[in-house]
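A short worksheet on the structure shown next.
Numbering (our numbering), first residue to last: 4 to 453.
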């Protein structure tokens, strides 16, 4: 991984770490490198974004950079990240770019690329782009006269993406009462189109973005309002997306949260019954709950573990030819349908299982018994994210906790791929104990490396 591109593109606080100048350079270097790898012609690049107030500023700068080296931009406007991945391939573009910081607070933003097949750029191309940026793009020739790039607006992007979801998993949801939380983010138009087109009795909340309220006490990172609304209206199910709608978590008819581990296990078991679970395998990360692995063993399903991050899940899926994988956070990839995590696709897949099995989500969720899990974040300086465990005091504390929970739980400590954080996770039987121990260790790390 390079110094600029993390596990999910370039990300930082808008106008501070991710400036218009940097966005311009990323557009310039990205278009130049992609054009070079094409062999001839100008690169056509789709650009989509979420609803953050900084999106317009960064899109303008990124577009200027692309056009300055002769690239052509097709602006998709506000659209879910998986929509950009899908449309890049459908429209036969050379690349797609998403301006989003996903589930992060509104002051953050990010830039990530998809290649012509809708997959994230490989490390070699990202490093090549970085190399030019770190040399101020001095070796990149600028387009002149008629060779300069142009920008066009695509008005049917949301409709094309919504039609793709509806045709991929055709459902008649007449009579199904559904609540959807759009996180005031990129799904605020597409989600309503999809579920309305399928005939659902739909209630939509947090679908009034104003540029500053994305992910603000709503969406997949703040589920309280959705749980309450599902019970209030007597819904069959609720779904919460994150800011760019590549994640989805569910709420059952009783108002209980159903996380990504449970959603994956429900769908993997369903696919197995249908003979469609390729290699009889589900791909998950080391952060998945022990309950998932226990349930998979009972179902006769193999679970492959990767490092945290959807790019690592996707790499394992592509290498082994597997069809389903994802993360506890609700970032689930159905590779037979789309090339990245897709919140809307996850939701309709869950509805398909509920419909065909004739069961409520609470009944389906009984397939997994989730062990209590405590997660605490330690704020650290970026330069210490990978080296904090070399500190003797921290190392001793980690070892002591590992010995304490051996056989009855587990400890996982890892740096965030997108934020200046170290995440401390402990699983065990006593929620008060694991919460106390996780906070103790996180506080210790933060006090020494903040």
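Ideal placement from N, C-alpha and C gives every residue a C-beta, glycine not left out.
Taking a C-beta distance under 7 Å as the contact criterion, residue 335 and residue 172 do not qualify as a contact pair. Annotated as distal: residue 74 and residue 114, with beta-carbon spacing of 7 Å or more.
The beta carbon of residue 179 sits closer than 6 Å to those of 203, 239, all from its chain and outside the five residues before and after it, given in chain order.
Distances from the CA of residue 29 to each of 52, 55, 62 were compared; the closest alpha carbon is that of 62. With a threshold of 16 other beta carbon atoms within 10 Å, residue 18 falls short and is exposed. The shortest C-alpha to C-alpha distance from residue 70 to any of 337, 232, 35 is the one to 35.
The beta carbon of residue 46 is closer than 6 Å to those of 34, 37, 38, 74, 97 in its chain, skipping five residues each way along the sequence. Comparing C-alpha distances from residue 290 to each of 417, 368, 432 shows the shortest one belongs to 417. Contact check for residue 122 against residue 342 passes: the beta carbons are separated by less than 7 Å. A Cβ-Cβ distance of about 17 Å is found for the pair residue 102 and residue 118, leaving them out of contact under the 8 Å criterion.
Across the set 444, 217, 248, the C-alpha of 248 shows the shortest separation from the C-alpha of residue 332. Secondary structure of residue 78 (DSSP, three-state): strand. The beta-bridge partner set that DSSP reports for residue 376 consists of 430. Beta-carbon to beta-carbon, residue 229 and residue 268 are separated by about 21 Å, too far to satisfy the 8 Å threshold.
Counting of Cβ neighbours within 10 angstroms places residue 236 among the exposed residues, the total staying below 16.
Secondary structure note for residue 230: it is in no beta strand (DSSP E), and the uninterrupted alpha helix (DSSP H) holding it is 227–236. Counting along the chain, the unbroken alpha helix (DSSP H) around residue 317 starts and ends at 313–323. Counting C-beta atoms within 10 angstroms of its own C-beta, residue 145 has fewer than 16 neighbours from the protein chains shown and is therefore classed as exposed.
When C-alpha distances from residue 311 are compared across 78, 182, 293, 288, the shortest belongs to 288. Under the Cβ criterion (8 Å, minimum of three pairs), the segment 385–397 counts as touching the segment 418–425.
By the criterion of a C-beta distance shorter than 8 Å, residue 302 is surrounded in its chain by 268, 271, 272, 275, 370, once the five residues flanking it on both sides are discounted. Looking at the backbone, the Cα of residue 10 and that of residue 150 are separated by about 34 Å. If you check the CB distance, residue 161 and residue 192 come in under 7 Å. The C-alpha of residue 68 is placed about 47 Å away from the C-alpha of residue 413. Following the DSSP letters along the chain, one finds residue 204 inside the beta strand (DSSP E) bounded by residues 204–208.
Taking the Cα of residue 15 as reference, the smallest distance to any Cα among 58, 50, 348, 174 is reached at 58. In the DSSP annotation of this structure, the continuous segment of the alpha helix (DSSP H) that includes residue 263 starts and ends at 263–276. Here residue 418 carries a strand assignment [DSSP, helix/strand/coil]. When the beta-carbon positions are compared, residue 81 and residue 243 stay at least 7 Å from each other. In this structure, the straight-line span from the alpha carbon of residue 110 to that of residue 245 is close to 15 Å.
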